[in-house]
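Some notes on the structure that comes next.
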Amino acid sequence: AQSVAQPEDQVNVAEGNPLTVKCTYSVSGNPYLFWYVQYPNRGLQFLLKYITGDNLVKGSYGFEAEFNKSQTSFHLKKPSALVSDSALYFCAVRDRNGEDTGRRALTFGSGTRLQVQP
Amino acid sequence: ETGVTQTPRHLVMGMTNKKSLKCEQHLGHNAMYWYKQSAKKPLELMFVYSLEERVENNSVPSRFSPECPNSSHLFLHLHTLQPEDSALYLCASSQEIRGRTEAFFGQGTRLTVV
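From first to last, the protein sequence lines stand for chains A and B.
Throughout the first sequence, residue numbering follows my numbering, covering 22 to 139 in sequence.
Throughout the second sequence, residue numbering follows my numbering, covering 25 to 138 in sequence.
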């Protein structure tokens, strides 16, 4: 079984400050990890993913995430937050053990609402 | 635009009605998904279709019935729903390459059961 935990329902940060949105995961094997963002009344938009290689992954809109195998974490970060970054952020995982069938869907966390104050 | 289109965007239906949600993807993907999003809960995977074959059904009540007539279209047929079925229903697609690819989501259908 695979699962994702996003321990914070909401993160508040001032514009221009660095932001971190936390994510930890659980899989039986090695993970593929993803971050998505959801703006009001919209579907989920892909931000970035970790498949293999460098633990620091860079994605859209200046976001990045660091894969930490020992802590089973994949926290989302941005050096300088913008008001327009305010949205709902979802972390997702897929177990590599499902890659033979290629049919394993993503498992999502419950989401973290990011609020960036001007 | 993500290349995944869902219709309608909003739907209000009574508990005795029958309605269908439609999803169309223009990305040439070979897998499609239905997710349910309720407030303050993780996205719940409902159904997975890979190469038009249903490969996963996460104990979804039979009042939800999926249909995938071809690799570009996915439907969710609804009948005799309950108020607790009110949620945002999201369709997604991906090109399955050993699990490495991200899914692309539609904008969702906001369903209200009255």
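Ideal Cβ positions, reconstructed from N, Cα and C, are used throughout, including at glycine.
*Would a C-beta distance cut-off of 9 Å place F88/A and L68/A closer than the cut-off?*
no
_Three-state secondary structure (DSSP) of S105/A_ = helix
_Please tell me whether K70/A has its Cβ less than 9 Å away from any Cβ of chain B._
Chain B places a beta carbon closer than 9 Å to that of K70/A, counting this residue as a contact.
*asked:* Does Y60/A come out as helix, strand or coil in the three-state DSSP assignment?
replied: coil
*asked:* Mapping the DSSP letters down to three states, classify R117/A as helix, strand or coil.
replied: DSSP places R117/A in the helix class (H, G or I) of the three-state scheme.
_Beta-carbon contacts of D121/A that lie in its chain and below 7 Å, excluding the five residues immediately before and after_ = Because the pLDDT of D121/A is 43, which lies under 50, any placement of that residue in the model is unreliable, and the number read from its coordinates should be weighed accordingly. There are no such residues.
*Starting from N94/B, follow its DSSP beta bridges and name the residues at the other end.*
H97/B
_By the three-class DSSP mapping on this structure, what secondary structure does E48/B have?_
strand
_Just to check my reading of the structure: Y59/B and A116/B have Cβ atoms closer than 8 Å, yes? What is that Cβ distance to the nearest angstrom?_
7 Å
*Report the rounded CA-to-CA distance for M39/B versus S110/B, giving the unit in angstroms.*
11 Å
*Contact check, L114/B vs L65/A under 8 Å by CB: the rounded distance?*
7 Å
_Contacts of L54/A in chain B (Cβ-Cβ under 7 Å)_ = Here the premise fails: no neighbours, minimum Cβ distance about 11 Å.
*Please go through the same chain and pick out, in chain order, the residues whose beta-carbon is closer than 7 Å to the beta-carbon of P28/A, but skip the five residues on each side of it.*
Residues of the same chain with a CB within less than 7 Å of the CB of P28/A, apart from the 5 flanking positions on each side, are K43 in chain order.
*Pair within 9 Å by beta-carbon distance, T133/B and P32/B*: yes
*Which residue comes first and which comes last in the beta strand (DSSP E) that contains K99/A?*
Taken as a continuous stretch (DSSP letters only), the beta strand (DSSP E) holding K99/A covers 94-99.
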